[in-house]
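Asks: Residue numbers (the working numbering): 1073 to 1497.
(1) Can you look up residue 1496 in the DSSP assignment and give me helix, strand or coil?
(2) Quick one: complete beta strand (DSSP E) runs, 3+ long, within the stretch 1332 to 1400?
(3) Can you have a look at residue 1254 and say buried or exposed, based on whether 16 or more other CB atoms are within 10 angstroms of its CB?
(4) Are the stretch 1458 to 1472 and the stretch 1391 to 1410 touching by the rule of at least three beta carbon pairs closer than 8 Å?
(5) Out of 1385, 1305, 1298, which one is the CA nearest neighbour of residue 1348?
(6) Where residue 1313 and residue 1226 are concerned, what is the direct C-alpha to C-alpha distance, given to the nearest angstrom?
(7) List the endpoints of the continuous beta strand (DSSP E) containing residue 1272.
(8) Can you tell me whether residue 1172 is helix, strand or coil according to DSSP?
(9) DSSP state of residue 1311, grouped into three classes?
(10) For residue 1465, does the count of other Cβ atoms within 10 angstroms reach 16, so buried, or fall short, so exposed?
(11) Quick one: Cα of residue 1138 to Cα of residue 1176, how far?
(12) Let me confirm a value: residue 1425 is counted as buried when at least 16 other C-beta atoms fall within 10 Å, else exposed. Which label applies?
(13) Residue 1467 and residue 1412 - do their beta-carbons sit closer together than 7 Å?
(14) For residue 1429, count neighbouring C-beta atoms within 10 Å of its own C-beta (all shown protein chains included) and say buried if the count is 16 or more, exposed if not.
(15) Please determine, among 1256, 1266, 1418, 1318, the residue with the shortest C-alpha to C-alpha distance to residue 1142.
(16) Less than 7 Å between the beta carbons of residue 1165 and residue 1259, yes or no?
(17) Go through its chain and collect everything with a Cβ distance to residue 1112's Cβ below 8 Å, but skip five positions before and after it.
(18) Considering only DSSP beta bridges, list what residue 1121 is partnered with.
(19) Whole angstroms is fine: what's the gap from residue 1367's alpha carbon to residue 1321's?
(20) So, for residue 1195: in the same chain, excluding its five sequence neighbours on each side, which residues have a beta-carbon less than 6 Å away from its beta-carbon?
(21) Spatial neighbours of residue 1379 within its chain, please: C-beta separation below 8 Å, excluding the five flanking residues on both sides.
(22) Beta strand (DSSP E) containing residue 1297: first to last residue?
(23) Tell me, please, which residues DSSP counts as bridged to residue 1223.
(24) Using alpha carbons as the reference points, say which of 1391, 1249, 1309, 1130 lies closest to residue 1291.
(25) Using DSSP's beta-bridge definition, name the partner residues of residue 1449.
(26) In this structure, does DSSP put residue 1161 in helix, strand or coil?
(27) Would the stretch 1207 to 1226 and the stretch 1279 to 1295 be scored as touching if the rule is three or more Cβ pairs under 8 Å?
(28) Going by other Cβ atoms of all chains shown within 10 Å of its Cβ, with 16 needed for buried, is residue 1124 buried or exposed?
(29) Touching or not, the stretch 1434 to 1442 and the stretch 1143 to 1162, by the rule of three or more beta carbon pairs under 8 Å?
(30) Decide if residue 1494 is buried, meaning its Cβ has at least 16 other Cβ atoms within 10 Å, or exposed.
(31) Indicate the three-state DSSP secondary structure (helix, strand or coil) for residue 1128 in the structure shown.
(32) Excluding sequence positions up to five away, which residues of its chain have a Cβ less than 7 Å from the Cβ of residue 1304?
(33) Could you check if residue 1116 is buried or exposed, using at least 16 other CB atoms within 10 Å of its CB as the buried criterion?
(34) Between residue 1264 and residue 1453, what straight-line distance do the alpha-carbon atoms span, to the nearest angstrom?
(35) From what residue to what residue does the alpha helix (DSSP H) around residue 1212 run?
(36) Rounded to whole angstroms, what's the CA-CA distance from residue 1133 to residue 1350? Just pull it up for me.
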């Protein structure tokens, strides 16, 4: 497999733009130059390149499945109390999302320009301060009828935005009851990892850049693979504290009233690509998990995309298909020239890739790629392809409703997949 270099993008001509500024003609010329630059720098990825089986092996994309011992999980639940399910959390909300009309205009600025969101909500600033929005998955992933029991549910992942703070990292989920589109309520559940044989747990330290809820399992990206959570094994905390784990008087999780302890993981066996975004593809047989490589949006190299099949064994519901050695082997892999992929979606042989903005106040690009060509959503009188959200968050497709869910900044939003297709240039 050819080495995939990472070359820095050429800087835009700041001096030239400064020289042109000052008159209406100069501003028009500068705008034209910026538009042309945006249309050419990193914005023509072309068709996907299919990788051979030998190239896939060289990329180090095999995952080794590892289970947390049942004795560890039993010891933890014995100490914390009997596990509960999603319905218990939904029946016990302590927060609400605001409808789009009640969200500040600055929050609306993080939504896509085109296609426009058909549903949008925002998070309370006080409730999310110090946390960064990450991946989204829904009950449309969990079950093909789009419901979990009687509810439509959204899981919104967040990571502790520590910056220069001395606060510990961590990851948590907002378990959102979206059954009534006019009233979304939620409660927090922290993602944790059992330690010391189930006598304690620690917080998940990896950013939640990818997340898929399939059947009863939740797969979450980690630095070197995926963590696995069981949505039937949610535990209650007993102490409202900023600490994580066993504390004086009980159990705490940075203020969350619930925790999900990991039941296993998938670790990459090679030293190549690392997963960034993931999503579910129900258009394959069997259903599959797709992933994009974690690559910064500052190069002109290539990014890997790949696919794993889910197991068809009822005993392994929600887990990946593995060989006799417990390894999940990618069924397909591709190279794309789109870098910095923040969201990946695959449906009917087409791949949708969300790329972040080049500038802090700019807009990202949403590409649809196949092995034949690449198209981007278009907007404005100049048919610009910079129409997506600046941070380009994860993508989750609910096949039953035809909606794609994502989040950017403090906004959680949905739009039809066919509106994305209609917006392609």
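Each residue gets a CB set at the ideal place from its N, CA and C atoms; glycine is no exception.
Replies: In terms of the structure at hand:
(1) strand
(2) 1347 to 1353, 1360 to 1365, 1375 to 1381
(3) exposed
(4) no
(5) 1298
(6) 26 Å
(7) Start and end: 1272 to 1275.
(8) Helix.
(9) Coil.
(10) buried
(11) 45 Å
(12) buried
(13) no
(14) buried
(15) 1266
(16) yes
(17) Low local confidence applies: a pLDDT of 41 at residue 1112 is under 50, so the model's placement there is unreliable, and no value is given.
(18) 1407
(19) 43 Å
(20) Short of 6 Å from the beta carbon of residue 1195, and not among the five residues preceding or following it, lie these beta carbons of its own chain, in chain order: 1482.
(21) 1353, 1356, 1360, 1361, 1362, 1363, 1402, 1403, 1404, 1405, 1418
(22) 1297 to 1302
(23) DSSP lists 1220 as the beta-bridge partner residues of residue 1223.
(24) 1391
(25) 1496
(26) helix
(27) yes
(28) exposed
(29) no
(30) exposed
(31) helix
(32) 1155, 1157, 1288
(33) exposed
(34) Between residue 1264 and residue 1453, the C-alpha separation is close to 48 Å.
(35) It spans 1211 to 1214 - the alpha helix (DSSP H) in which residue 1212 sits, taken as one unbroken run.
(36) 14 Å
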